[in-house]
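Asks:
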Amino acid sequence: MTQVILFNVTNGLIIGAFYVLMALGLSLILNLSNVINFAHGNFLALGGYLAFTLSPTLGYWGALLVSPLLTALIGLIVERLMIRRVYNRDPVYSLLLTFGFAFVMQDFARFVWGPNGLPLGLPDFLAQPISAELFFITWYRVFMVAVVIVTVTGLFAFLRYTRVGLRIRAGTLDLETVASLGVNVRLLRTFNFSVGCMLAGLSGVLAAGQIGLNPNMGDDLLMPSFIAIIVGGVGSLMGTLFGGLLIGMAAALTTVFYPSASEAVIYAIMMLVLLLRPRGLMGEEGMMS
Amino acid sequence: MTTVVTTASATAPQPAVPRWVVLVAIWTVLIAVPFWLPLLGGYTALAGRVLVFGLAAMGLNMLLGFTGVLSFGHAAYFGLGAYGAGLTLRYLVHSTPLAMLAGTLLGGLAGTLFGLLIVRRRGVYFAMCTIAFGQLWYYLAYSWNDFTGGFDGLRDFHRAPIGFGPLTLDITSGGDKFYFFLLAIFAAAIGLMGLLVRSPFGHTLRAIRENERRARFLGIPVERQIWLSFSISCFFTALAGTLYALLNNFADPLALHYSLSGYFVVMCVMGGMRTFWGPLVGAAVFVSLQDYISSMTVNWMSFVGATFVLVVLFFPRGLLGMRQLRGQS
Amino acid sequence: MSKLSTSVGRRTILKAGVALGASQVIGAPFVIRALGEEPVKIGMVNPLTGVLSALAQSEVDGAKYAEAEINKKGGILGRQVQLLVEDSANDVGTGVQKTRKLIDRDKVDVIFGDVNSGIAYAMSQVTNDKKVFHIVPGGHTDPITGSNCKWNVFRVCNTTTMDANAVTPELVKRFGKKWFFITPDYAYGHTLQDAFVKALKKVGGTFEGDMLPINNTDFSATLIKAKGYKPNVLLNNMGGLTQINCMKQFTQFGMQKDMALGGALFELESIKGCPPDAQTGWWTMEWWWNQPKVPEVVKFVADFRAATKKTPSARDWFGYVSMHTVRLAAAKAKSLEGPKLAVALEGMELPPDVALQPGKVAYRAGDHELMPNIFVGDVHPAKAKDDYFTVAELVPGEQAAGSVEDTGCKMTHPA
Chain A
1 MTQVILFNVT
11 NGLIIGAFYV
21 LMALGLSLIL
31 NLSNVINFAH
41 GNFLALGGYL
51 AFTLSPTLGY
61 WGALLVSPLL
71 TALIGLIVER
81 LMIRRVYNRD
91 PVYSLLLTFG
101 FAFVMQDFAR
111 FVWGPNGLPL
121 GLPDFLAQPI
131 SAELFFITWY
141 RVFMVAVVIV
151 TVTGLFAFLR
161 YTRVGLRIRA
171 GTLDLETVAS
181 LGVNVRLLRT
191 FNFSVGCMLA
201 GLSGVLAAGQ
211 IGLNPNMGDD
221 LLMPSFIAII
231 VGGVGSLMGT
241 LFGGLLIGMA
251 AALTTVFYPS
261 ASEAVIYAIM
271 MLVLLLRPRG
281 LMGEEGMMS
Chain B
1 MTTVVTTASA
11 TAPQPAVPRW
21 VVLVAIWTVL
31 IAVPFWLPLL
41 GGYTALAGRV
51 LVFGLAAMGL
61 NMLLGFTGVL
71 SFGHAAYFGL
81 GAYGAGLTLR
91 YLVHSTPLAM
101 LAGTLLGGLA
111 GTLFGLLIVR
121 RRGVYFAMCT
131 IAFGQLWYYL
141 AYSWNDFTGG
151 FDGLRDFHRA
161 PIGFGPLTLD
171 ITSGGDKFYF
181 FLLAIFAAAI
191 GLMGLLVRSP
201 FGHTLRAIRE
211 NERRARFLGI
221 PVERQIWLSF
231 SISCFFTALA
241 GTLYALLNNF
251 ADPLALHYSL
261 SGYFVVMCVM
271 GGMRTFWGPL
281 VGAAVFVSLQ
291 DYISSMTVNW
301 MSFVGATFVL
311 VVLFFPRGLL
321 GMRQLRGQS
Chain C
1 MSKLSTSVGR
11 RTILKAGVAL
21 GASQVIGAPF
31 VIRALGEEPV
41 KIGMVNPLTG
51 VLSALAQSEV
61 DGAKYAEAEI
71 NKKGGILGRQ
81 VQLLVEDSAN
91 DVGTGVQKTR
101 KLIDRDKVDV
111 IFGDVNSGIA
121 YAMSQVTNDK
131 KVFHIVPGGH
141 TDPITGSNCK
151 WNVFRVCNTT
161 TMDANAVTPE
171 LVKRFGKKWF
181 FITPDYAYGH
191 TLQDAFVKAL
201 KKVGGTFEGD
211 MLPINNTDFS
221 ATLIKAKGYK
231 PNVLLNNMGG
241 LTQINCMKQF
251 TQFGMQKDMA
261 LGGALFELES
271 IKGCPPDAQT
281 GWWTMEWWWN
291 QPKVPEVVKF
301 VADFRAATKK
311 TPSARDWFGY
321 VSMHTVRLAA
331 AKAKSLEGPK
341 LAVALEGMEL
351 PPDVALQPGK
361 VAYRAGDHEL
371 MPNIFVGDVH
381 PAKAKDDYFT
391 VAELVPGEQA
401 AGSVEDTGCK
411 MTHPA
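Protein chains in written order, with our numbering: chain A, 1 to 289; chain B, 1 to 329; chain C, 1 to 415.
1) Using the three-state DSSP reduction, which class does residue 137/A fall into: helix, strand or coil?
2) Is there at least one Cβ from chain A nearer than 8 angstroms to residue 267/C's Cβ?
3) On the CB-based measure, 16 or more other CB atoms within 10 Å of its CB, does residue 269/A come out buried or exposed?
4) Between the Cα of residue 84/C and those of 74/C, 67/C, 96/C, spot the shortest distance and give me the residue it belongs to.
5) Would a C-beta distance cut-off of 8 angstroms place residue 240/A and residue 24/A closer than the cut-off?
6) Provide the residue(s) that pair with residue 363/C in DSSP beta bridges, ordered along the chain.
7) When you compare the CB of residue 19/B with every CB in chain C, is at least one pair closer than 8 angstroms?
8) Report the rounded CA-to-CA distance for residue 262/A versus residue 247/C, giving the unit in angstroms.
9) What are the uninterrupted segments assigned as alpha helix (DSSP H) that are 4 or more residues long and contained completely in the segment 8-68 of chain B, given in chain order?
10) Can you tell me which of the three DSSP states residue 71/C falls into?
11) Taking the Cβ atom as the reference point for each residue, do residue 345/C and residue 154/C lie within a distance shorter than 8 angstroms?
12) If we define contact as Cβ-Cβ less than 8 angstroms, is residue 213/C a contact residue for chain A?
13) Mind listing which residues of the segment 111-122 of chain C have their C-beta closer than 7 angstroms to chain B's C-betas, in chain order?
14) Going by CA-CA distance only, name the one from 306/C, 214/C, 57/C, 174/C that's closest to residue 243/C.
15) Excluding five sequence neighbours on each side, which residues of the same chain lie with their C-beta closer than 6 angstroms to the C-beta of residue 158/C?
16) Rounded to the nearest angstrom, what separates residue 129/C and residue 92/C at their Cα positions?
17) Using the Cα positions of residue 309/C and residue 289/B, report the straight-line distance between them to the nearest angstrom.
18) Rounded to whole angstroms, what is the Cα-Cα separation between residue 44/C and residue 242/A?
19) Within 10 Å of its beta-carbon, does residue 185/C have 16 or more other beta-carbons around it, so buried, or fewer, so exposed?
20) Three-state secondary structure (DSSP) at residue 378/C?
21) Tell me which residues of the segment 291-316 of chain B have at least one Cβ-Cβ distance to chain C shorter than 8 angstroms, keeping chain order.
22) Distance cutoff 8 angstroms, beta carbons only. Does residue 34/C sit that close to anything in chain B?
23) Closer than 8 angstroms, CB to CB, is residue 243/C near chain B or not?
24) According to DSSP, simplified to helix, strand and coil, what is residue 396/C?
25) Closer than 8 angstroms, CB to CB, is residue 263/A near chain C or not?
26) Cutting at 6 angstroms between CB atoms, please list the residues of its own chain near residue 218/A, excluding the five before and the five after it.
27) Do residue 165/C and residue 120/C have their beta-carbon atoms positioned less than 8 angstroms apart in this structure?
28) What is the DSSP secondary structure of residue 282/C, counted as helix, strand or coil?
29) Mind listing the chain B neighbours of residue 91/A? Cutoff is C-beta to C-beta under 7 angstroms, in chain order.
30) Which runs of the beta strand (DSSP E), 3 residues or longer, sit entirely within the segment 298-331 of chain C?
31) Could you tell me the distance, in whole angstroms, from the CA atom of residue 163/C to the CA atom of residue 188/C?
32) Going straight from the alpha carbon of residue 288/C to that of residue 375/C, what length do you get?
33) So which of 60/C, 39/C, 97/C has the shortest CA-CA distance to residue 250/B?
34) Where does residue 85/C sit, in a helix, a strand or coil, going by DSSP?
35) Report the residue from 378/C, 382/C, 372/C whose alpha carbon sits nearest the alpha carbon of residue 397/C.
36) So, is the C-beta of residue 255/A closer than 8 angstroms to a C-beta in chain C?
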């Protein structure tokens, strides 16, 4: 019995941590630029694939460090070339743009790396369970959670204590005023988008170690990220954090009792939140009107 | 007064050609499809698909183009229409009209109820909710195996011949007869839509699109109108969904997926969001393009995606919208 | 005013684009007619994009290889063969539309497709309506040659019943009768598990299992349950990438020390996507390339490798067999009409250079299912290039399939 309880809790946290990392990147971009990045799942896949390509030369650790940075760089280029042009227009255009770009990215991944599933090699000690008793927790899962905790703490600290972070937070609330205060808003948005893509790339490397690589891998992770944001409340990063953990836990718990419904339950939670508290659990009224 | 005049001219271009001529031309082209399309290397089933998607996109356009509200989850209602029709034909009764009614009601009511929940939101958040809601139905369809056939889709149902008293319209074999059936339903739906758009109700929608705050000051109950517009658009899209199920004799979960929603939005934008016939033109271009390119190369997704990007960056007003730009400045 | 000039520039591009597109479309039919004698056209609809793309692509590769081979040897009924491939994108609407396109516009004589059984079924409704000969190379759900069998539809790959019945005796003999299933929650998974349960019950076995969402990525909850149940064998019925993940997690948790692993299909494409320690277990292959005792196979593999630079998998073989089936049926029927081809193919045996395995391989008349051998054996890390599987036993298809009545097929022929 203890095993089952312990398992529920840890597994929920692990899944939730993963959703959080994905959703935070999406949320960052959404909050500041008002753009739903449909290609976020594809940036995740790209991060994973880049790690796959880099790991023979740089090793796993090298790939883990470099791949998200490369993804951020690609995100930067994309933002400068395309996303930037649709910022002040009707949201339909930014949605269509990222949506179309997602298609291109997915096809590109299939073209370059092939349609077959590819494995990402992990260092041996990570693939072991942490004990015979707790055989279902491998060191890799612990590692994943550790990476997420470090990254999220780093992100929040960055937003709280650095000047750029302050500007991003201010920009989320009132971009016009921030601009009139002399901040280079264009650069800020570009930087913000890159950070979002970096988080997606990092999620991709982590995911690749767990589920392997394939061109469609981002699709299944995109929706839970949306839901994490809706549940947590648009405009609030803490909300996204909380939302991600919540749906991760819910999905894990449901798998134990009624496995077929484990995906449906996160939608049920979303509907509940929309019904009872439409602004999200931690959202602020008027954030996205 | 001035507002109304500007709004009117923003939607109806200075007609160099009288409207009735345009309508006659359009309907002649549509009716003659089985004759001229094969000559161009097309096939009648392709035109059927264009009509179905065109109707769905035009339904969406009531909300997107005329009211200025973005829904990126309209495939949900399309798919619900398809499943409603399919489930009726399979489990309840072999009647095409009833199946169509059931599907349209299912999709329309789902949209109406959902609209109530999110009508206060706007912009990007509204769109996000519509996407997530659509995906909910997608997961429901593909997990509820026993009822909906799950991942493999709903099968084992067939178009049933329609009886009009002593006459029977046998549409079971598809082909040209079915195309004309589709065209007839399409015409009826479009006629109704045209009436709605031209009515005072339609004008309030356009007012909301142009300037929501001002519309509110004029006393227009903005939230209620948006909700009504949302609801009506869902009914039309659901009707298109029922036709889709009849076209394929099949309903599958991908008809509910957000990628199809995205296609509908592209059709509206590509053809011209602010025009009445734009989405149909967009549907024709998009369906033909996808059909043609996917036969040429496995990498058709890149081309389709690149088309979206190009449309957004360079042709945001769409094909018919560009005609308007000329007449305006 | 500059706005006007930009819009003119755009319009010119648009007009040019439309003209170019129209010329391609209008020009095409005329070009083909100028080529002389009409080729025999075969249309293949498969999900070349989407989650099944790896398997679909292999089938196309095998079919294309056969197309070249057939054309070198004189074609079908003395005419060259042309394979037209369309992408169903794993979407039923698209699959049905492409089928109509191939039949109405391209006037194909035969249709192949689809890996996705749902799409295969929807396509069969269209082909049946239009009386076009239809071969399903790799769509597995049983009803296609079972309760939904049609006179114009034939299938190359096995039913889930055949695979389950073939591997069950081996698993029971080697490991025991207490099993745990991990099954995906859709038609393929359901029929597969039902088939296994039926076979297991016949030998008095017991079981427990979990039905998981098709795209499930995390198997920890299920694997914990399995460990608690202490079965002899864990049956991994998941498909594609989810199967690989389940295998990976199984080995990561060290569960191979406590129980054996097995199942029906573990395809070569999937095996290659697994890390070496997850390449394990007892499975069936619908065809396997490494058959040193059969000279036709050795030659085929050598030629195939030379032409395509890859080792043929079962999926390649499906595509290959489908093309040659059409050639053989047409030769026997001396026609390409659907009804005549169907009659010719019923009961027809494949020659050794097409069957590429020992024993009699024929299309059963009652349900139109091909009856090859089912290769039962174990998967292991590659001993030589692509040699991931060692055959322990060859189970004749007819033996594993049960009778025609069991499949539920009641074939009705056109008047």
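Cβ atoms here follow ideal geometry from the backbone N, Cα and C, with glycine treated the same way. Since we're looking at a predicted model, the values are computed, not measured.
Replies: Taking the coordinates as given:
1) Coil.
2) no
3) buried
4) 67/C
5) yes
6) 370/C
7) Chain C has no Cβ within less than 8 angstroms of the Cβ of residue 19/B.
8) About 20 angstroms.
9) 19-31, 33-36, 44-61
10) helix
11) yes
12) Chain A, which has a Cβ nearer than 8 angstroms to the Cβ of residue 213/C, makes this yes.
13) 117, 118, 121, 122
14) 214/C
15) Closer than 6 angstroms at the Cβ level, and outside the excluded window around residue 158/C, lie 286.
16) Distance between the alpha carbons of residue 129/C and residue 92/C: 17 angstroms.
17) 34 angstroms
18) 49 angstroms
19) buried
20) Looking at residue 378/C - three-state DSSP - the assignment turns out to be strand.
21) Within the segment 291-316 of chain B, the residues whose Cβ lies closer than 8 angstroms to any Cβ of chain C are, in chain order, 291, 292, 294, 295, 298, 300, 301, 314, 315.
22) For residue 34/C, the predicted model reports a pLDDT of 42, less than 50, meaning its position is unreliable; a value from the coordinates is still stated below. Cβ-Cβ to chain B under 8 angstroms: no for residue 34/C.
23) no
24) Of the three classes helix, strand and coil, the one that applies to residue 396/C here is strand, per DSSP.
25) Answer yes: the Cβ-Cβ gap between residue 263/A and chain C drops below 8 angstroms somewhere.
26) 41, 42, 44, 45
27) no
28) strand
29) 70, 123, 124, 127
30) none
31) 12 angstroms
32) In a straight line, the C-alpha of residue 288/C is about 7 angstroms away from that of residue 375/C.
33) Closest option to residue 250/B, judged by alpha-carbon separation, among 60/C, 39/C, 97/C: 97/C.
34) strand
35) Here the closest residue by C-alpha is 372/C.
36) yes
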